[in-house]
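Engineer: Residue numbers 276 to 414, in this note's numbering, belong to the letters of the sequence shown in order.
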Amino acid sequence: LMQSCFDNKIHTIYTSEKTKLSENVTINQLLKNPDTYAGKIIETIGYFNTGIEESAIYINKLDIRRKETKQALWVTFNNEYYPLIDSTTGVNLLSSYQTIEKINGKKIKIRGKFNPTSKGHLGMFFGSVENVFYVEIMN
276 LMQSCFDNKI
286 HTIYTSEKTK
296 LSENVTINQL
306 LKNPDTYAGK
316 IIETIGYFNT
326 GIEESAIYIN
336 KLDIRRKETK
346 QALWVTFNNE
356 YYPLIDSTTG
366 VNLLSSYQTI
376 EKINGKKIKI
386 RGKFNPTSKG
396 HLGMFFGSVE
406 NVFYVEIMN
């Protein structure tokens, strides 16, 4: 766990040792220009929601409540290659449902590979961010 200060706010960061350069892009930019970012390592911010058959990042909390999945991105983690480790405690964010709950409903910044053709559970989502290697909880 690394904590960084921006504008006097504390951000909790989980990261893999295998970090890569990423392009900062909004979910709206991905929606409008999916081909521009296809296959690229991107960084985006949104609200994470997990539950039964759901692991997704939404533009805002209202979209979560309304289940606006066509404006949301499916999120996949690869614990084998990109474990998200809390550097203070050594706990892996992906080790159990209880630990992943730490980011549920929270505004987060993630980094991973954008895939507009992978639509998540039952093809319900706009696209996906795969192999996430960085998660930052935004306060």
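Each residue gets a CB set at the ideal place from its N, CA and C atoms; glycine is no exception.
1. Give me, in chain order, the residues of the same chain whose beta-carbon lies closer than 7 angstroms to that of Asn-283; leave out the 5 immediate sequence neighbours on both sides.
2. Where does Leu-310 land, buried or exposed, given buried means 16+ other C-beta within 10 angstroms?
3. Which residue marks the beginning of the beta strand (DSSP E) containing Tyr-322, and which one marks its end?
4. Expressed to the nearest angstrom, what Euclidean distance is found between the alpha-carbon atoms of Thr-392 and Tyr-409?
5. Report the CB separation of Ile-385 from Val-407 in whole angstroms; it is logged as a contact under 8 angstroms.
6. Identify the continuous alpha helix (DSSP H) that holds Tyr-357 and give its terminal residues.
7. Can you check whether the CB of Ser-297 is closer than 9 angstroms to the CB of Ile-317?
8. On the DSSP letters alone, give me the boundaries of the beta strand (DSSP E) that Thr-351 sits inside.
9. Work out the CA separation of Ile-332 and Gly-321 for me, nearest whole Å.
10. Would you kindly work out how many angstroms separate the C-alpha atoms of Leu-348 and Asp-361, rounded to a whole number?
11. Thinking C-beta only, is Gly-402 closer than 9 angstroms to Phe-389?
Structural biologist: Working from what's here:
1. Bear in mind that a pLDDT of 39 at Asn-283, under 50, signals an unreliable position, so the model cannot answer this.
2. This sequence places Asp at residue 310; Leu is not what is there. Exposed, by the Cβ-count rule.
3. Looking at the DSSP string, the run of the beta strand (DSSP E) that includes Tyr-322 is 316-326.
4. 22 angstroms
5. 5 angstroms
6. Unbroken run through Tyr-357: none, as it is neither H nor E.
7. It is a contact, given that the beta carbons lie within the stated cut-off.
8. 348-352
9. 6 angstroms
10. 24 angstroms
11. yes
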